[in-house]
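One structure below.
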Amino acid sequence: MIRPGRRLPRWFFERPSPEVAPDLLGRVLVRRLPDAATLSVRIVETEAYQEDDPASHSYRGRTARTEVMFGPPGRLYVYFTYGMHFCMNVVTGVEGEGSAVLLRAGEPLEGLDEMRMRRGVDDARALCSGPGRLCQALGVTRTDNGTDLVAGNALSLHAGMPVRPGDVAVTPRVGIRSGIERPWRFVRVGDPFVSRGRPARIARPS
DNA sequence: CGTTGGATTGGCT
DNA sequence: GCCAATCCAACGC
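When the letters of the first sequence are read in order and numbered with numbering that gives the first Met the number 0, they come out as residues 0 to 205.
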């Protein structure tokens, strides 16, 4: 079992999202819910989004939905999509800048049975391998939007064991129509818990 | 106000 | 591999 380790400090998130995204691989996301077992996952897949990036929700400026993205770093940005799924992001960069990192997949560490109940599937690899699945497994919904990951209790991010740059693959982001030229999807090479969608092949120069 | 399509997923061909 | 499901934010009139 991987130890969560110490909590990531505010400054960790106060950097450009393409820098934070690969650094989040191997980190541990802990979920605490009232009257439920503690849930935790090891992050294995992320994507970066920035304000000058047409694929980003923040591209068109501040709106009610994207307000959290422009707020202080280290908070959670949760959005609802396709009429049924939630996706969660970690807000990055300095306050006033609309950037974030989408958490796309994780390896379940603690609370697998609780996750199986929430997801309705058995296979550990199907519990958190996708942004919608990850939110469902951890019970993250719109009420978690804006939660502080640095100081809050419901969700927290811990140091875990970072993935060596040589084990990080870079690929185009999934499911976007514009901004496809920015290779801002980061995955742990060969990890069985990454989402479906093209497996990563482009090795990052180390 | 009406329209459009989405940072997805699961089931079926 | 393809496509429907199912809300609602964003945008145009």
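All C-beta atoms in this analysis are idealised placements derived from N, C-alpha and C, irrespective of residue type, glycine included. Keep in mind that this is a model prediction, so the values were computed, not measured.
Going by DSSP, which residues form a beta bridge with residue 88? 76, 101
Do you know how far the Cα of residue 187 is from the Cα of residue 100? 15 Å
Name the residue from 45, 160, 177 whose alpha carbon lies nearest to the alpha carbon of residue 4. 160
N- and C-terminal bounds of the beta strand (DSSP E) containing residue 185: 184-187
Here's the rule I'm using: 16 or more other beta-carbon atoms within 10 Å means buried, otherwise exposed. How should residue 42 be labelled? buried
Taking the runs of the beta strand (DSSP E) that are 3 residues or longer, which of them lie wholly in the stretch 7-39? 27-30
Tell me which residues share the same chain as residue 9 and place their Cβ nearer than 6 Å to its Cβ, disregarding the 5 neighbours each side in the sequence. 73, 149
Report the three-state DSSP secondary structure of residue 147 (helix, strand or coil). strand
What residues match up with residue 194 in a beta bridge as DSSP calls it? Its beta-bridge partners do not exist; DSSP assigns none.
Out of curiosity, what's the CA-to-CA distance linking residue 14 and residue 22? 11 Å
Do residue 65 and residue 97 have their CB atoms nearer than 8 Å? yes
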